[in-house]
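Accompanying notes for the structure given below.
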Amino acid sequence: MKSIYLITAIHIGDPLWQWGILCVSHRCTVGWFSTLESAEKVVIGNLENIHVHKCCGYDHCVIEEVPCGLYPHTLQEKWFEWVADQYLPVNKPLALKKTVSFGMG
């Protein structure tokens with residue numbers, strides 16, 4: 006296995022746009038998978054009720070491809086937003102553009 010695909014559920018708090026800050030108020034890595042397709046099925050299907058895991062109401066999910074090894078860096082991200090009772094693919098929030106490694110910290 007060369008990479009794993011981490012799913013991290015994220016709640017983004019009220020934006021402080023005047024300073025260009027978007028607050029990540031809660032986040033929780035809920036699982037990892039050996040393929041992107043497997044991870045996408047979990048997020049899109051909201052399996053195990055990711056949206057309300059630990060009663061937080063996660064409005065975003067990110068799937069990050071992370072290579073195996075020490076001190077890994079994120080190779081790619083795929084973002085989702087909770088809209089109309091489902092996670093839909095979206096672009097990464099602009100205020101988080103320079104933030105990476107949500108799942109591995």
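So for the sequence shown, the working numbering puts the first residue at 6; every next one is plus one. From the three backbone atoms N, C-alpha and C, an ideal C-beta is built for every residue, glycine too.
- By the Cβ criterion, the segment 45 to 59 is in contact with the segment 83 to 95, since at least three pairs of Cβ atoms, one from each stretch, lie closer than 8 Å.
- Its Cα nearest to that of SER106, the residue CYS66 stands out among CYS66, SER39 and VAL48.
- For VAL95, the CB contacts under 7 Å within the same chain, skipping 5 residues up- and downstream, are TRP84, PHE85 and GLU86 in chain order.
- Put simply, of LEU101, MET6, LYS7 and TYR76 the residue whose alpha carbon is nearest the alpha carbon of GLU82 is LEU101.
- One Cα belongs to GLU42, the other to GLY36, and the distance between them is close to 14 Å.
- As summarised for the segment 25 to 54, the continuous alpha helix (DSSP H) elements at least 4 residues long and confined to that stretch are 41 to 49, given in chain order.
- Closest option to TYR63, judged by alpha-carbon separation, among ILE9, VAL47, THR13 and SER8: THR13.
- Taken atom to atom, the span from the alpha-carbon of PRO72 to that of MET6 is near 9 Å.
- Taking each of ILE17, THR34, THR104 and ILE15 in turn and checking the Cα distance to ILE9, the smallest one comes out for THR34.
- The bridge partners DSSP lists for LYS103 come to none.
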